[in-house]
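Asker: Here you go, one structure.
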Amino acid sequence: MHSFAYRENALFTFSVTTLAFICAIASFSDNFSNQTPSAQMEVETFIVGYYQESSGNLLEHETAENNDRLTLQLKDLSLEFSWSVSRLKEVIPCDSNTSSPASCSGETLKSIAVLVEEQNIPEEKIWLSSGISTFLWLYTSIRGFSPATVIITTELPYGSGLGSSAAFCVALTSALIASSISDKTHREGWSSLDETNLELLNKWAFEGEKIIHGKPSGIDNTVSAYGNMIKFCSGEITRLQSNMPLRMLITNTKVGRNTKALVSGVSERTVRHPDAMKSVFNAVDSISKELAAIIQSKDQNSVTEKEESIKELMEINQGLLQSMGVSHSSIDTVIRTTLKHKLTSKLTGAGGGGCVLTLLPTGTVVDKVVEELESSGFQCFSASIGGNGAEICF
Numbered sequence: 001m002h003s004f005a006y007r008e009n010a011l012f013t014f015s016v017t018t019l020a021f022i023c024a025i026a027s028f029s030d031n032f033s034n035q036t037p038s039a040q041m042e043v044e045t046f047i048v049g050y051y052q053e054s055s056g057n058l059l060e061h062e063t064a065e066n067n068d069r070l071t072l073q074l075k076d077l078s079l080e081f082s083w084s085v086s087r088l089k090e091v092i093p094c095d096s097n098t099s100s101p102a103s104c105s106g107e108t109l110k111s112i113a114v115l116v117e118e119q120n121i122p123e124e125k126i127w128l129s130s131g132i133s134t135f136l137w138l139y140t141s142i143r144g145f146s147p148a149t150v151i152i153t154t155e156l157p158y159g160s161g162l163g164s165s166a167a168f169c170v171a172l173t174s175a176l177i178a179s180s181i182s183d184k185t186h187r188e189g190w191s192s193l194d195e196t197n198l199e200l201l202n203k204w205a206f207e208g209e210k211i212i213h214g215k216p217s218g219i220d221n222t223v224s225a226y227g228n229m230i231k232f233c234s235g236e237i238t239r240l241q242s243n244m245p246l247r248m249l250i251t252n253t254k255v256g257r258n259t260k261a262l263v264s265g266v267s268e269r270t271v272r273h274p275d276a277m278k279s280v281f282n283a284v285d286s287i288s289k290e291l292a293a294i295i296q297s298k299d300q301n302s303v304t305e306k307e308e309s310i311k312e313l314m315e316i317n318q319g320l321l322q323s324m325g326v327s328h329s330s331i332d333t334v335i336r337t338t339l340k341h342k343l344t345s346k347l348t349g350a351g352g353g354g355c356v357l358t359l360l361p362t363g364t365v366v367d368k369v370v371e372e373l374e375s376s377g378f379q380c381f382s383a384s385i386g387g388n389g390a391e392i393c394f
C-alpha cells in the first residue's frame, strides 16, 4: 500500500491510501497473455486486493524560498527531488486537463527523462527513473505547474510482484484529483471517491503504468483503484464482490527477478510443448473460475469448508506454475517452511523470486511460522483480502 501526503501552497494537507494487487489463483502473468494469443483467449486471471491501514503526513511548510518549486520526497528511501516551475514549463507541454486522461507521447517522455537525469539519481536507485517520470507527467497533466511539496511513503516492497507501481500511480492520481474537489476543506476522515472520479483516476493511473511498464493490461491499477476483487479474461476486466473473509501471509523472498525473461521462458516452453502447455493453461483457467465462484458464493457452506477448497486450489495452482518454469528455490523454501505448520502457499506475480502467498485459515496463529521465515532472511506481513481501494483523508 502507498500512502500519499500532498500540500499545495500551505493551504491544506490530506493523505490517500490504496491497496496493491495479489495474483491469488492466476495464470502466469498478464504480460504473458499479451505475447501468446491462444493463452490470452483461454486463461482467466483472478485478481484480489489486500489492504493494510496506514497514513502519511506532510512535515514541511511552504516558504517563500520554495514556493516556486515542485518537490518530490520519497521518505522510505530518504531521497528528495526538486524542479523549478520555470524549468518544468520549458520542457513539459502546458496542456493539463484533469478530466481528459492523455497518454504521454514518446517525445514528451524523452524530454521528461532529461529532467529526471538532471537530478543525479544514485546509480543503485536508477530503477526509480521511470517512476519519477510518471510523477512529473501525472502531476503536470492533472495539476499543471502549481508549486507543491509531495511526500510519498509505502509499505510495499518494490519489484516483488505486489503491484507497487500501480499502487503508486493510483495513490498519486487520487490525491491530485481530490485536491481539485471544490469542497475538500469541508471533508473529514477517510472516504472513497465517487464512481465518476474513480473511473477518472483509474484512467490516469493506467497512463502512469504505461510510462513504467510500456504495455500493461490495466489489471493492477484497476484493483488498486476500485478494491475488492476483479476477474480478467481475454482483455476484459470484471469487478467481483467477495462474500467471505480471507487472510494471507505475504512473504517477500527478497530475490529479484527478471519478469521479461520469465515471460519469454514460458513462451518458449509453450512453443516446444504446445499441447501440454495448453492443458496447463486450461487447468489454470478452471482454477480461476472455481475460486471466483467460491469467493462470490452466498451458500451456507461453512467458511472452513470454503477455506479448505481454496487451500487445495492453491496447491494445484502452485504445481502448475512450477510446470511453467517460474518457481524458484527461495519460493520452494517458503512453501516447505509453511507446510511444516500445515499452511499452504503459492508464488505470486511473475515468480522467479518476489513474494509468496500463504493462506491463513480462520483462527490461524502465525507467530511461529513468521519467526521461522524471518530467521531465514525473509520479510513477512499479513493482509486481509478485499480492501476498499483508493480512499482519501483530508
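Note that the sequence shown covers residues 1 to 394 in the numbering used here. Ideal Cβ placement from N, Cα and C applies to all residues, glycine included.
With C169 as the anchor, note down where its alpha helix (DSSP H) starts and where it stops.
Answerer: Counting from one through the sequence shown, the residue named residue 169 turns up at place 169. Segment S164 to A178, the alpha helix (DSSP H) holding C169.
Asker: Identify, in the order they occur along the chain, each residue of the same chain with its Cβ nearer than 6 Å to the Cβ of S129, setting aside the five sequence neighbours on each side.
Answerer: The count along the sequence shown starts at 1 and reaches residue 129 at position 129. Hits under 6 Å: V116.
Asker: Where K342 and T140 are concerned, what is the direct C-alpha to C-alpha distance, given to the nearest angstrom?
Answerer: Stepping through the sequence shown from its first residue, residue 342 is reached at position 342. Stepping through the sequence shown from its first residue, residue 140 is reached at position 140. When rounded, the distance between both Cα atoms is 51 Å.
Asker: What separation, rounded to the nearest whole angstrom, lies between the Cα atoms of E155 and S297?
Answerer: Here residue 155 corresponds to residue number 155 of the sequence shown, with the count starting at 1. Here residue 297 corresponds to residue number 297 of the sequence shown, with the count starting at 1. Straight-line Cα distance between these residues: approximately 32 Å.
Asker: In the DSSP assignment, the beta strand (DSSP E) including T253 goes from what residue to what residue?
Answerer: Translated into positions along the sequence shown, residue 253 becomes position 253. No beta strand (DSSP E) contains T253, which DSSP labels as neither H nor E.
Asker: So, is T304 buried or exposed, given that buried needs 16 or more other C-beta atoms within 10 angstroms?
Answerer: Locating residue 304 in the sequence shown gives position 304, counting from the first residue. T304 should be labelled exposed.
Asker: How far does the beta strand (DSSP E) with S84 in it reach, from first residue to last?
Answerer: Working through the sequence shown from its first residue, we reach residue 84 at position 84. Run containing S84: L79 to S84, per the beta strand (DSSP E) assignment.
Asker: On a Cα-Cα basis, can you pick out the residue from N317, A292 and T173 that is closest to K306?
Answerer: Position 306 of the sequence shown holds residue 306. Residue A292 is the option with its Cα nearest to K306.
Asker: Reducing DSSP to helix, strand and coil, say where F381 ends up.
Answerer: The sequence position of residue 381 within the sequence shown is 381, counting from 1. Strand, per DSSP.
Asker: What is the residue span of the alpha helix (DSSP H) that I132 lies within?
Answerer: Position 132 of the sequence shown, counting from 1, holds the residue named residue 132. First-last of the alpha helix (DSSP H) with I132: S129 to R143.
Asker: Who are the near neighbours of K346 in its chain, counting only those whose CB is closer than 6 Å to its CB and skipping five residues on each side?
Answerer: What you label residue 346 is simply residue 346 of the sequence shown in a count that begins at 1. If we look at K346 and ignore the five residues flanking it on each side, its Cβ neighbours are M314, N317, Q318 and L357.
Asker: Can you tell me whether V280 is buried or exposed, with buried defined as 16 or more other CB within 10 angstroms of its CB?
Answerer: Along the sequence shown, one-based indexing puts residue 280 at 280. So V280 counts as buried.
Asker: Using a Cβ cut-off of 8 Å (strictly closer), state whether Q296 contacts chain B.
Answerer: Here there is only one protein chain, and chain B is not present.
Asker: When DSSP builds the beta bridges, which residues end up paired with I237?
Answerer: Here residue 237 is taken as the residue at index 237 of the sequence shown, counted from 1. Beta-bridge pairing links I237 to F232.
Asker: How far does the alpha helix (DSSP H) with E307 in it extend, from its first residue to its last?
Answerer: Walking along the sequence shown from the start, residue 307 turns up at place 307. Where E307 is concerned, the enclosing alpha helix (DSSP H) stretches over V303 to S323.
Asker: Hey, out of L138, R336 and P93, whose CA is closest to L200's CA?
Answerer: Here residue 200 refers to the residue found at position 200 when the sequence shown is read from its first residue. Nearest of L138, R336 and P93 to L200, Cα basis: L138.
Asker: Going by CA-CA distance only, name the one from P93, S105, S192 and E374 that's closest to R143.
Answerer: For the purposes of this step, residue 143 is taken as the residue at position 143 of the sequence shown. Checked all of P93, S105, S192 and E374; the closest Cα to R143 is P93.
Asker: Please confirm whether V366 and S382 have their CB atoms less than 8 Å apart.
Answerer: Here residue 366 refers to the residue found at position 366 when the sequence shown is read from its first residue. Here residue 382 refers to the residue found at position 382 when the sequence shown is read from its first residue. Yes, Cβ-Cβ distance for V366 and S382 is below 8 Å.
Asker: State buried or exposed for H328, treating a residue as buried only when at least 16 other CB atoms are found within 10 Å of its CB.
Answerer: Indexing the sequence shown from 1 puts residue 328 at position 328. When all chains shown are included, H328 counts as buried.
Asker: Pick out whichever of S217, M244 and V266 has its Cα sitting closest to the Cα of N228.
Answerer: Reading the sequence shown from its first residue, position 228 is the one you call residue 228. Measuring from the Cα of N228, the nearest candidate turns out to be M244.
Asker: Among the residues of its own chain, which have a CB less than 6 Å from the CB of I331, if the five just before and after it don't count?
Answerer: Along the sequence shown, read from residue 1 onward, the residue named residue 331 stands at position 331. Around I331: L347 and V356.
Asker: If you follow the beta strand (DSSP E) that I126 is in, where does it begin and where does it stop?
Answerer: Along the sequence shown, read from residue 1 onward, the residue named residue 126 stands at position 126. Under the DSSP assignment, I126 falls outside any beta strand (DSSP E); it carries neither an H nor an E label.
Asker: Determine, using beta carbons only, whether F232 and S242 come nearer to each other than 8 Å.
Answerer: Position 232 of the sequence shown, counted from the start, is the residue given in the question as residue 232. Position 242 of the sequence shown, counted from the start, is the residue given in the question as residue 242. The answer is no: Cβ separation not under 8 Å.
Asker: Kindly indicate the opening and closing residues of the beta strand (DSSP E) around L200.
Answerer: The count along the sequence shown starts at 1 and reaches residue 200 at position 200. Per DSSP, L200 belongs to no beta strand (DSSP E); it is in the alpha helix (DSSP H), E195 to H213.
Asker: I'd like to check one pair, G256 with G386: are the Cβ atoms closer than 8 Å?
Answerer: Working through the sequence shown from its first residue, we reach residue 386 at position 386. Working through the sequence shown from its first residue, we reach residue 256 at position 256. Contact: no.
Asker: Does the Cβ of K210 have 16 or more other Cβ atoms within 10 Å, making it buried, or fewer, making it exposed?
Answerer: Residue 210 sits at position 210 when you count from the first residue of the sequence shown. So K210 counts as buried.
Asker: Please go through the same chain and pick out, in chain order, the residues whose beta-carbon is closer than 7 Å to the beta-carbon of L176, but skip the five residues on each side of it.
Answerer: Indexing the sequence shown from 1 puts residue 176 at position 176. If we look at L176 and ignore the five residues flanking it on each side, its Cβ neighbours are L138, Y139, I142 and R143.
Asker: Determine the extent of the alpha helix (DSSP H) in which V280 is found, giving its start and end residues.
Answerer: Working through the sequence shown from its first residue, we reach residue 280 at position 280. It spans P274 to Q296 - the alpha helix (DSSP H) in which V280 sits, taken as one unbroken run.
Asker: Assign I392 to buried or exposed, taking buried as 16 or more other Cβ atoms, counted over all protein chains shown, within 10 Å of its Cβ.
Answerer: If you number the sequence shown from 1, residue 392 lands on position 392. Label assigned to I392: buried.
Asker: Please classify W127 as buried or exposed, where buried requires at least 16 neighbouring CB atoms within 10 angstroms.
Answerer: In the sequence shown, residue 127 corresponds to position 127, counting from 1. The residue in question, W127, is exposed, as its Cβ has fewer than 16 Cβ neighbours within 10 Å.
Asker: Anyone know if the C-beta pair for F378 and T253 falls short of 8 Å?
Answerer: Within the sequence shown, the letter at position 378 stands for residue 378. Within the sequence shown, the letter at position 253 stands for residue 253. Contact flag set, yes.
Asker: Could you check the C-alpha separation between E290 and S323 for me, to the nearest Å?
Answerer: By 1-based counting over the sequence shown, the position of residue 290 is 290. By 1-based counting over the sequence shown, the position of residue 323 is 323. Near 20 Å, if we compare the C-alpha coordinates of S323 and E290.
Asker: What is the DSSP secondary structure of T71, reduced to helix, strand or coil?
Answerer: As a first step, residue 71 must be located in the sequence shown, where it is residue number 71. Look at T71 here: in three-state DSSP terms it is strand.
Asker: Between which residues of its own chain and N31 is the CB-CB distance below 7 Å, once the five residues before and five after are set aside?
Answerer: As a working mapping, residue 31 is identified with position 31 in the sequence shown. Per-residue confidence for N31 stands at a pLDDT of 37, beneath the threshold of 50, marking its modelled position as unreliable; the derived number appears in the next sentence. Excluding sequence neighbours, N31 sits near T259 and V263.
Asker: Express the C-alpha separation of N282 and A276 in angstroms, rounding to a whole number.
Answerer: By one-based count along the sequence shown, residue 276 stands at place 276. By one-based count along the sequence shown, residue 282 stands at place 282. Approximately 10 Å between the Cα atoms of the pair.
Asker: Which residue from M248, E372 and V271 puts its Cα closest to that of G363?
Answerer: As a working note, residue 363 is residue 363 in the sequence shown. G363 has its Cα closest to that of M248, out of M248, E372 and V271.
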